[in-house]
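Peer 1: Let me begin by handing over the structure; questions about it come next.
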Amino acid sequence: MATPLSASAPADCRVLGLRERKKQRTRDALVDAAHSLFLSQGYGRTTVDEIAASVDVSQRTFFRYFANKEEVALAVMADAEEFFIDCLRARPAEENPLQAMRAAITEAWRTLGTARHTGPGSVTAALELFELIENTPTLLAAHLRHTTLQEAEVARVLAEREGLDPEVDLRPRLLAAVFGAVVRISHLSWSGDPKAHQAGPDGMIALIERHFDQLGPALAGSWR
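This is the structure:
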């Protein structure tokens, strides 16, 4: 979202800022409308026309923001993942890769789970969407494709932090893949755990922390 400009900024810059903020509001409204419709009547029964109409914009306007229905459905998860990447890039250099990823994912969930973050970009919306994805084969396939791209981005960030070439050193890619698996397992555990489910974002954070606690022993320790 565009940052508000000061009154001393040139007029054309202020207009650009207003325009960008208006575009962001329209995008958020489309995501929010799509999310509500998908949850209330199902992904397959919801059309692009219905999403656009509920925001009082044209189908043409919808396609300025999203290529298709899949993209708007996954926008909540994509935005949350982008925020996580930003958190990861900002982690202190002295943290090892696993510490940085664990701290970044916890920070992202806690920040997006605060009262200030509601609607399409919130943790609650992401958790609701995850259940929809798992029960919709078309969305699950698209989400898994997107997850592969995110793993590659995480690997690049880790490689940059450690000064490694990810094409030569496989550790960033391997750790990114393991991390992605931990997060998805945490999502699945949340969906199947009534207590965690009732706790909402806090329940999800607790599950992520528990799975990370088990990661080291699971990989290196004896299973007997």
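Each residue of the sequence shown is one higher than the one before, counting from 1 in full-length UniProt numbering. All C-beta atoms, glycine included, are put in the ideal place defined by N, C-alpha and C. Remember, it's a predicted structure, so these values are computed and weren't measured experimentally.
Could you compute how far the alpha carbon of Arg156 sits from the alpha carbon of Arg91?
Peer 2: Position 156 of the sequence shown, counting from 1, holds the residue named residue 156. Position 91 of the sequence shown, counting from 1, holds the residue named residue 91. Spanning the two alpha carbons is a distance of roughly 15 Å.
Peer 1: Given that a residue counts as buried once 16 or more other Cβ atoms are within 10 Å of its Cβ, and exposed if not, what is Thr47?
Peer 2: Locating residue 47 in the sequence shown gives position 47, counting from the first residue. Its Cβ having fewer than 16 others within 10 Å, Thr47 is exposed.
Peer 1: Thinking Leu74 and Ala142 are a contact (beta carbons under 8 Å), I'd like their distance in whole angstroms, please.
Peer 2: One-based indexing of the sequence shown puts residue 74 at position 74. One-based indexing of the sequence shown puts residue 142 at position 142. That belief holds up - the Cβ atoms of Leu74 and Ala142 are roughly 6 Å apart, short of 8 Å.
Peer 1: For Lys69, count neighbouring C-beta atoms within 10 Å of its own C-beta (all shown protein chains included) and say buried if the count is 16 or more, exposed if not.
Peer 2: Translated into the one-based positions of the sequence shown, residue 69 becomes position 69. When all chains shown are included, Lys69 counts as buried.
Peer 1: Quick test of your reading: Ser191 and Glu131, contact by CB under 8 Å. State the CB separation rounded to the nearest angstrom.
Peer 2: Translated into positions along the sequence shown, residue 191 becomes position 191. Translated into positions along the sequence shown, residue 131 becomes position 131. With 8 Å as the limit, Ser191 and Glu131 qualify as a contact, their Cβ atoms being about 6 Å apart.
Peer 1: Between the C-alpha atoms of Gln24 and Pro217, what's the straight-line distance to the nearest angstrom?
Peer 2: The sequence position of residue 24 within the sequence shown is 24, counting from 1. The sequence position of residue 217 within the sequence shown is 217, counting from 1. Their backbone Cα atoms lie some 44 Å apart in a straight line.
Peer 1: Report the rounded CA-to-CA distance for Arg64 versus Arg45, giving the unit in angstroms.
Peer 2: As a position in the sequence shown, residue 64 is number 64, starting the count at 1. As a position in the sequence shown, residue 45 is number 45, starting the count at 1. So the alpha carbons of these two residues sit roughly 22 Å apart.
Peer 1: Secondary structure at Phe130, three-state DSSP: helix, strand or coil?
Peer 2: Locating residue 130 in the sequence shown gives position 130, where the first residue counts as 1. The answer is helix: DSSP assigns Phe130 an H, G or I state.
Peer 1: What residues in its chain sit with their C-beta under 8 Å from that of Ala199, if we drop five residues either side in the sequence?
Peer 2: As a working note, residue 199 is residue 199 in the sequence shown. Correct list, in chain order: Ala206.
Peer 1: In whole angstroms, what separates the C-alpha of Glu20 from that of Pro166?
Peer 2: The residue given as residue 20 occupies position 20 in the sequence shown. The residue given as residue 166 occupies position 166 in the sequence shown. Computed Cα separation, rounded: 36 Å.
Peer 1: Are Val108 and Ala80 close, meaning C-beta to C-beta below 8 Å?
Peer 2: Taking the first residue of the sequence shown as 1, we reach residue 108 at position 108. Taking the first residue of the sequence shown as 1, we reach residue 80 at position 80. It should be noted that the sequence gives Ala, not Val, for residue 108. Yes. Within cutoff.
Peer 1: Pull up the distance between the alpha-carbon of Asp56 and that of Leu112, whole angstroms please.
Peer 2: Along the sequence shown, read from residue 1 onward, the residue named residue 56 stands at position 56. Along the sequence shown, read from residue 1 onward, the residue named residue 112 stands at position 112. Cα-Cα distance, rounded: 28 Å.
Peer 1: Helix, strand or coil for Asp79? Go by DSSP, reduced to three states.
Peer 2: Within the sequence shown, residue 79 is the residue found at index 79, counting from 1. Helix.
Peer 1: From Thr26, Asn96, Glu153 and Arg60, pick the residue whose C-alpha is nearest to that of Glu82; which is it?
Peer 2: Position 82 of the sequence shown holds residue 82. Comparing Cα-Cα distances from Glu82 to each of Thr26, Asn96, Glu153 and Arg60, the minimum goes to Glu153.
Peer 1: Between the alpha carbons of Glu94 and Leu88, how many angstroms are there, rounded?
Peer 2: Residue numbering aside, residue 94 sits at position 94 when the sequence shown is read from its first letter. Residue numbering aside, residue 88 sits at position 88 when the sequence shown is read from its first letter. If I take the Cα positions, the gap works out to 13 Å.
Peer 1: Have a look at Pro97 and Leu158 and give me their C-alpha separation to the nearest angstrom.
Peer 2: Mapped onto the sequence shown, residue 97 falls at position 97. Mapped onto the sequence shown, residue 158 falls at position 158. Rounded to whole angstroms, Pro97 to Leu158 spans 6 Å at the Cα level.
Peer 1: Along the chain, where does the alpha helix (DSSP H) containing Tyr65 start, and where does it finish?
Peer 2: Translated into the one-based positions of the sequence shown, residue 65 becomes position 65. Gln59 to Tyr65 is the span of the alpha helix (DSSP H), which, as asked, contains Tyr65.
Peer 1: Is it buried or exposed for Pro137, if we count other Cβ within 10 angstroms and need 16 for buried?
Peer 2: In the sequence shown, the residue the question calls residue 137 occupies position 137. That one is exposed.
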